[in-house]
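Q: Next up is a structure, given as structure tokens.
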């Protein structure tokens, strides 16, 4: 996760490895502080960390960026260290002899599919649903009718 900077000039979220490690202890065992910082820097490509970004609440933005850091770290870790280890979606079929499990995660568009690769990405995608919907902002200027 991350710590919010003072409300003054910056109003951005600064990455705090200690806080992130408490929230994601399994990942913290395999991800160094420098690696997590690099993942945070990459996460800001997907969610703007600016005062004018879509998420104005710094605490909420910190949680979302923390999820993205966990998602990116999981994608980049070798499988032996926990990368890509978790299944996402409902179990569609399972076999016992020689173990086979397949999952299904509804129909996804290309953007959602990248996030659905990990449980952290799926949580981020669900939490940001409202950010992907159009917002109608009415024009407040008064207009004269064309007929008079």
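Numbering (this note's numbering), first residue to last: 889 to 1036. Ideal Cβ placement from N, Cα and C applies to all residues, glycine included. All values derive from a computational prediction rather than experimental measurement.
Inspect the beta-carbon positions of residue 946 and residue 901 and report whether they are closer than 8 Å.
A: Translated into positions along the chain shown, residue 946 becomes position 58. Translated into positions along the chain shown, residue 901 becomes position 13. Cβ distance < 8 Å, so residue 946 and residue 901 count as in contact.
Q: From the DSSP output, in three-state form, read off residue 986 for me.
A: The residue given as residue 986 occupies position 98 in the chain shown. Correct three-state label for residue 986: coil.
Q: Using 8 Å as the threshold, is the C-beta distance between residue 1012 and residue 933 below it?
A: Mapped onto the chain shown, residue 1012 falls at position 124. Mapped onto the chain shown, residue 933 falls at position 45. No, they are not a contact pair.
Q: Does the Cβ of residue 985 have 16 or more other Cβ atoms within 10 Å, making it buried, or fewer, making it exposed?
A: The residue labelled residue 985 in the question sits at position 97 within the chain shown. So residue 985 ends up on the exposed side.
Q: Verify whether the separation of the beta carbon atoms of residue 965 and residue 1008 is less than 8 Å.
A: To locate residue 965, count along the chain shown from 1; it is residue 77. To locate residue 1008, count along the chain shown from 1; it is residue 120. Not closer than 8 Å, so no.
Q: State yes or no: is the C-beta of residue 899 within less than 8 Å of the C-beta of residue 939?
A: Translated into positions along the chain shown, residue 899 becomes position 11. Translated into positions along the chain shown, residue 939 becomes position 51. In this structure, residue 939 lies closer than 8 Å to residue 899 by Cβ.
Q: Do the CB positions of residue 1006 and residue 959 come within less than 8 Å of each other?
A: Your numbering for residue 1006 matches position 118 in the chain shown. Your numbering for residue 959 matches position 71 in the chain shown. Their beta carbons are under 8 Å apart, which means residue 1006 touches residue 959 by this criterion.
Q: Kindly indicate which three-state DSSP category residue 951 falls into: helix, strand or coil?
A: Numbered from 1 along the chain shown, position 63 holds the residue referred to as residue 951. Helix.
Q: In terms of DSSP beta bridges, what is residue 938 paired with?
A: Here the question's residue 938 lines up with position 50 in the chain shown. For residue 938, which the question treats as bridged, DSSP gives no partner whatsoever.
Q: Let's test the definition: count the other Cβ atoms within 10 Å of the Cβ of residue 924 and tell me whether it reaches 16, buried, or not, exposed.
A: Numbered from its first residue, the chain shown carries residue 924 at position 36. Its Cβ being crowded by 16 or more others within 10 Å, residue 924 is buried.
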